[in-house]
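Q: Numbering (mature numbering (1 follows the signal peptide of the UniProt record, and there is no 0)), first residue to last: -29 to -1, 1 to 240.
(1) Between the C-alpha atoms of residue 241 and residue 216, what's the straight-line distance to the nearest angstrom?
(2) By Cβ distance below 7 Å, which residues in the same chain neighbour residue 136 in space, the five residues on each side in sequence not counted?
(3) Run through the stretch 84 to 153 for me and flag every whole alpha helix (DSSP H) of 4 or more residues, listed as ranges in chain order.
(4) Taking C-alpha atoms, which residue in 207, 26, 124, 139 lies nearest to residue 99?
(5) So, are the CB atoms of residue 81 and residue 123 less than 7 Å apart?
(6) Between which residues of its own chain and residue 29 is the CB-CB distance below 6 Å, once the five residues before and five after are set aside?
(7) For residue 68, which of helix, strand or coil comes out of DSSP?
(8) Taking 8 Å as the limit between beta carbons, can you name the residues of its chain near residue 101, skipping five residues before and five after?
(9) At what residues does the alpha helix (DSSP H) containing residue 45 begin and finish?
(10) Can you tell which of 39, 170, 46 has the C-alpha that lies nearest to the C-alpha of residue 121?
(11) Which ranges would you report for the alpha helix (DSSP H) in the stretch 147 to 233 if only whole runs of at least 4 residues count?
(12) Which two residues bound the contiguous beta strand (DSSP E) that contains residue 34?
(13) Going by the CB atoms, is the gap between residue 64 and residue 85 shorter than 7 Å?
(14) Three Cβ pairs or more, each shorter than 8 Å: is that satisfied between the stretch 179 to 193 and the stretch 144 to 162?
(15) Using only the alpha-carbon positions, how far apart do residue 95 and residue 117 sit?
(16) Thinking residue 272 and residue 162 are a contact (beta carbons under 8 Å), I'd like their distance in whole angstroms, please.
(17) Would residue 17 and residue 52 qualify as a contact pair, given that the criterion is a beta-carbon distance under 7 Å?
(18) Determine the DSSP secondary structure at residue 6, reduced to helix, strand or coil.
(19) Leaving out the 5 sequence neighbours to the left and right, which residues in its chain are closer than 6 Å to residue 147 when beta-carbon positions are compared?
(20) Quick one: give me the first and last residue of the alpha helix (DSSP H) that residue 58 is part of.
(21) Let me confirm a value: residue -29 is counted as buried when at least 16 other C-beta atoms fall within 10 Å, else exposed. Which label applies?
(22) Output needed for residue 78: all residues of its chain with C-beta closer than 6 Å, excluding positions within five of it in sequence on either side, in chain order.
(23) Have a look at 171, 88, 55, 76 and flag the residue whose alpha-carbon is nearest the alpha-carbon of residue 4.
(24) Report buried or exposed for residue 198, applying the criterion of at least 16 other Cβ atoms within 10 angstroms of its Cβ.
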């Protein structure tokens, strides 16, 4: 069998894959205006995510928000059927518009079509965080698709009322646990660095200062800054502070008991 003949199956497979990718991409680009309702509504629920009561309340809430602020928030839920690009003309989407598309087929439920004026108030990293926080499979499984959409809209409305946000408001449990862990590790580093190396010394200040870039980064940048930038609640700050203090005391006591008694007096670093 010649080299040309051996390459035929590979070329056929590659052609089939390219065809499938083109078909998959056309699902989102295809215009299907007959799926759009005759009268104007800020919510098109093709996937039937919302109950009748939720749908009525959401439509009224988005209309009232647009009247009060001038920001146009729109929601499209879809699964097997989609109106595609026809929604742009239907809703007249512009730079002051946000289109939330809820479609679970992509792995993450939420996608955002963000107007340029919104980027001036909330950067691109904000929308990435918003998508990963409320659209991930675990959040959707625990709360439902309807709540995931509503929570993302509430976060956007809160930030627009504030005049903009750098981060998504609120501190999820898993994010707080991460900040608590880094605070605890920062305390361990500070406590280990500060155990006395010389007789009569209570705290090894030179060593503590020498290690300060590490424990300040762990406690301040990764333990405190994410909390204060997302919530005004003092309880997470108190817990992280206690975690840092507890880690520092624990490391100090263990280091002094295991290393302090065996070491000869050392000179300062």
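We treat Cβ as the ideally placed atom computed from N, Cα and C, and that holds for glycine. Every value quoted in this text rests on a predicted model; they were computed, and no experiment measured them.
A: Taking the geometry as given:
(1) As displayed, the chain neither begins before -29 nor continues past 240, which places residue 241 out of reach and without an answer.
(2) 93, 97, 130
(3) 87 to 90, 95 to 105, 108 to 114, 116 to 133
(4) 139
(5) yes
(6) 14
(7) strand
(8) 81, 83, 123, 126, 127, 139
(9) Run containing residue 45: none in the alpha helix (DSSP H); it sits in the beta strand (DSSP E), 43 to 48.
(10) 46
(11) 176 to 181, 183 to 187, 196 to 199, 205 to 226
(12) Segment 23 to 40 is the alpha helix (DSSP H) holding residue 34; no beta strand (DSSP E) there.
(13) no
(14) yes
(15) 24 Å
(16) Here the chain covers residues -29 to 240 and nothing more, so residue 272 does not appear.
(17) yes
(18) helix
(19) 207
(20) 57 to 62
(21) Unreliable positioning characterises residue -29 in this predicted model, as indicated by a pLDDT of 47, which lies under 50. A coordinate reading is not provided.
(22) none
(23) 55
(24) buried
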